[in-house]
Amino acid sequence: MSIITDSYSVTLSDPGLILIEYRSRRDTAAGPLTRNTSIWFERTNLRWLVESLRQCITLYGQPELSTQHGNDHLKVFESGPEPAPYINVENKRPDGVDHAGFSWFAMSKPLAEKLATELGALL
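Each residue of the sequence shown is one higher than the last, beginning at 2 in the numbering used here.
Encoded structure:
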């Protein structure tokens, strides 16, 4: 499976949370597939996410990075084919909190670099 196109938007409408909405179109054996995913995370974890994205982008084969802080259990890791790896971001928020549940996306490396830069500007 390969990414044909992908994009994201960042929303800061909640004072304590950040929302990343990710959209992709992928080429699969069954034909093109469109995927939309939203990840909410606490602003207090912004620095960790930016640093983890940058580390995963620059170091090939970086082991999975994870943190459990506040109501977030965040992970950043690389997957996919060596010539065009994906940067994965996932979060699991416990039941009973705003935006509870598991969310995940795997974005192209160039888009992950753009996301790390945009989120880094919020620090």
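Here a beta-carbon is modelled for each residue, glycine too, at the ideal position from N, C-alpha and C.
As the structure is a computational prediction, the values presented were derived from the model and not from experiment.
Per-residue DSSP class, three states only, for residue i
{"i": "residue 53", "result": "helix"}
{"i": "residue 18", "result": "strand"}
Cβ-based burial, residue i [other Cβ within 10 Å; buried from 16]
{"i": "residue 105", "result": "exposed"}
{"i": "residue 137", "result": "A question about residue 137 goes unanswered here, because the residues of the chain that appear run from 2 up to 124."}
{"i": "residue 125", "result": "Nothing can be reported for residue 125: it is not among the residues displayed for the chain, which extend from 2 to 124."}
{"i": "residue 15", "result": "exposed"}
Rounded straight-line distance, which links the Cα of residue j to that of residue i
{"i": "residue 41", "j": "residue 120", "result": "13 Å"}
{"i": "residue 53", "j": "residue 89", "result": "11 Å"}
{"i": "residue 46", "j": "residue 33", "result": "34 Å"}
{"i": "residue 118", "j": "residue 50", "result": "11 Å"}
{"i": "residue 84", "j": "residue 12", "result": "31 Å"}
{"i": "residue 110", "j": "residue 122", "result": "19 Å"}
{"i": "residue 3", "j": "residue 19", "result": "28 Å"}
{"i": "residue 61", "j": "residue 116", "result": "18 Å"}
Residue-level contact to chain C via CB, residue i, 9 Å cutoff
{"i": "residue 64", "result": "No chain C appears in the structure shown, which is made up of a single protein chain."}
Beta-bridge pairing of residue i - partner residues as DSSP gives them
{"i": "residue 88", "result": "79, 108"}
{"i": "residue 33", "result": "28"}
> Counting Cβ pairs closer than 8 Å, one from the region 64–73 and one from the region 88–103, do we hit at least three?
Replying inline: Yes: the two stretches touch, three or more of their Cβ pairs being nearer than 8 Å.
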